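Residue numbers (my numbering): 24 to 136.
Virtual Cβ for every residue (Gly too), placed ideally from N, Cα, C.
Because the structure is a prediction, the values reported are computed rather than measured.
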Amino acid sequence: MKNTISGRATTDLPGLFDELESKIRALESLGQTEEKYGNFLSPLVEFCLPEEILIAWGKHRNLNEASDGTRSLEQLLNFLNKEVRGDQLIELARSDIASGSQRKRNTCPKSVP
């Protein structure tokens, strides 16, 4: 996983999220639990986030901070999942709007002289 400093020029949040889920499943298949890896993995994941997502995560975390004040990897994963889904919905809406306007242009009758 790359961090923001090492050149994650374009935001590939879905790719980062998929890679993170894959690595967590690998840890779990080795018998590791979130209690064992969660406390050190959360800051590493945060370090890999693009700046705009990291800022949004900080705001979200401050609003929804756990009562014990600890970082929760599960909360971070839920947040990232919502961000990925939101980005996908926006992209779907954009493509639908673009294809709709293209269809509209193609079906508009030409003016008759």
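Can you look up residue i in the DSSP assignment and give me helix, strand or coil?
i: residue 85; result: helix
i: residue 111; result: helix
i: residue 38; result: helix
i: residue 138; result: This structure leaves residue 138 out entirely; the chain is present only between 24 and 136.
i: residue 61; result: helix
i: residue 73; result: coil
Less than 7 Å between C-beta atoms, sequence neighbours within five positions excluded: which residues of the same chain meet that for residue i?
i: residue 102; result: 80 and 83
Only counting the same chain, and skipping five residues up and downstream in sequence, which positions put a Cβ closer than 6 Å to that of residue i?
i: residue 60; result: 50
Pull up the CB-CB distance for residue i and residue j, whole angstroms please, since I reckon it's below 8 Å.
i: residue 65; j: residue 99; result: 6 Å
i: residue 202; j: residue 97; result: Any answer about residue 202 is impossible in this case: the structure gives the chain only from 24 up to 136.
Between residue i and the ligand ATP, is there a pair consisting of the residue's CB and a ligand heavy atom that are separated by less than 7 Å?
i: residue 86; result: Because no ligand of any kind appears in the structure shown, any question about the ligand ATP cannot be addressed here.
(message) Could you check whether the stretch 108-124 touches the stretch 41-57, counting it as contact only if at least three pairs of C-beta atoms, one from each stretch, sit closer than 8 Å?
(response) No: the two stretches stay apart, fewer than three of their Cβ pairs being nearer than 8 Å.
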